[in-house]
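Participant:
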Amino acid sequence: MLDLCLEYLKERMNQSIKNVFDSSDDLVVVSPPTDLDGSKSPEIRNKILIFISNIEKDSFSKSYRQDNSHNSNRTAISSKPLFITLTVTIAANFSTGHYSDGLKVLSHLLAFFNRHSNFTHQNSPDLPEYIEQINMELESIPGEQLNHMWGIFGSHYLPSCIYRVRALIPNSESILSQVGNIHLSDTDVNKRDN
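Heads up: the sequence shown runs through residues 1 to 194, numbered per full-length UniProt numbering.
This is how it looks when you write it as structure tokens:
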């Protein structure tokens with residue numbers, strides 16, 4: 001579900017960039033700024049990175065009301081919705097020669113999310129079925145905390161914007177039933193059928 005959320009945002013950003021800039025390549029990738037060993041992968045050079053820097057329980061969940069307005073004497077049993085807030089960083093990882101290009105793309109993405117800060121199935125039919133809505137809110141992080149955050153990621157500061165991304169997954173059971181593979185090195189980890 002976290003992967004679907006970031007992949008969806010990545011696809012929307014890449015679509016918008018391709019519509020505005022003369023680029024056929026995907027400039028946005030889901031990746032942290034460094035690998036686990038602290039090295040930088042060449043695949044993320046001159047790219048916009050999107051990655052999660054924190055996950056928390058969402059406070060707006062207390063005000064959520066499930067729709068129980070059906071004309072039936074039966075009660076539907078469903079799993080509890082999952083409300084989360086992700087702190088998502090969008091960073092321009094561009095070399096010195098392309099630094100201003102990175103700033104142009106980052107500026108475009110700031111404007112894009114200013115116009116499109118709420119994604120639902122009504123306004124975004126391609127939103128993954130497991131996610132009911134995604135809300136984006138630009139955050140201001142004090143310099144000291146920002147410095148600390150980049151230090152944790154083992155990277156120097158990159159021009160970036162940080163969003164609080166609120167996601168609503170109406171049926172948390174659907175996350176448990178997702179089918180797919182996890183690819184770790186040469187090993188494939190398949191989800192077992194229950």
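Every residue, glycine too, gets a C-beta built ideally from N, C-alpha and C.
Taking all protein chains shown into account, decide if K47 is buried (16 or more other Cβ within 10 angstroms of its Cβ) or exposed.
Facilitator: Classification for K47: buried.
Participant: Helix, strand or coil: how does DSSP classify Y139 here?
Facilitator: Sequence check: residue 139 is Glu here, not Tyr. The answer is strand: DSSP assigns E139 an E or B state.
Participant: Specify whether the region 42 to 56 and the region 81 to 93 touch according to this definition: at least 3 beta carbon pairs, one from each stretch, less than 8 angstroms apart.
Facilitator: Short answer: they touch.
Participant: Assuming P33 contacts L49 (C-beta within less than 8 angstroms), just tell me the rounded distance between them.
Facilitator: The pair is a contact, with the Cβ atoms about 6 angstroms apart (cut-off 8 angstroms).
Participant: Note down, in chain order, each residue of its chain lying with its Cβ closer than 6 angstroms to the Cβ of S100, except the 5 sequence neighbours on either side.
Facilitator: Hits under 6 angstroms: none found.
Participant: Would you tell me roughly how many angstroms separate the C-alpha atoms of S160 and I141, rounded to the nearest one?
Facilitator: Approximately 11 angstroms, taken between the alpha carbons.
Participant: Let me know the secondary structure DSSP gives L86 once reduced to three states.
Facilitator: Strand at L86.
Participant: The beta strand (DSSP E) that contains L109, what's its start and end?
Facilitator: Premise fails: L109 lies in the alpha helix (DSSP H), Y99 to R115, not in any beta strand (DSSP E).
Participant: When DSSP builds the beta bridges, which residues end up paired with E43?
Facilitator: Beta-bridge pairing links E43 to no other residue.
Participant: Counting beta carbon pairs with one atom in the region 125 to 137 and one in the region 93 to 109, are three or more of them shorter than 8 angstroms?
Facilitator: No, they do not touch.
Participant: Kindly list the residues whose CB is nearer than 7 angstroms to the CB of R164, restricted to its own chain and excluding five residues on each side of it in sequence; keep chain order.
Facilitator: Result list for R164: T85, T87, E137 and E139, in chain order.
Participant: Measure the C-alpha to C-alpha separation of L2 and D22 and round it to an integer number of angstroms.
Facilitator: One C-alpha to the other measures close to 30 angstroms.
Participant: Going by DSSP in three states, K80 sits in which element: helix, strand or coil?
Facilitator: DSSP places K80 in coil when its eight states are reduced to three.
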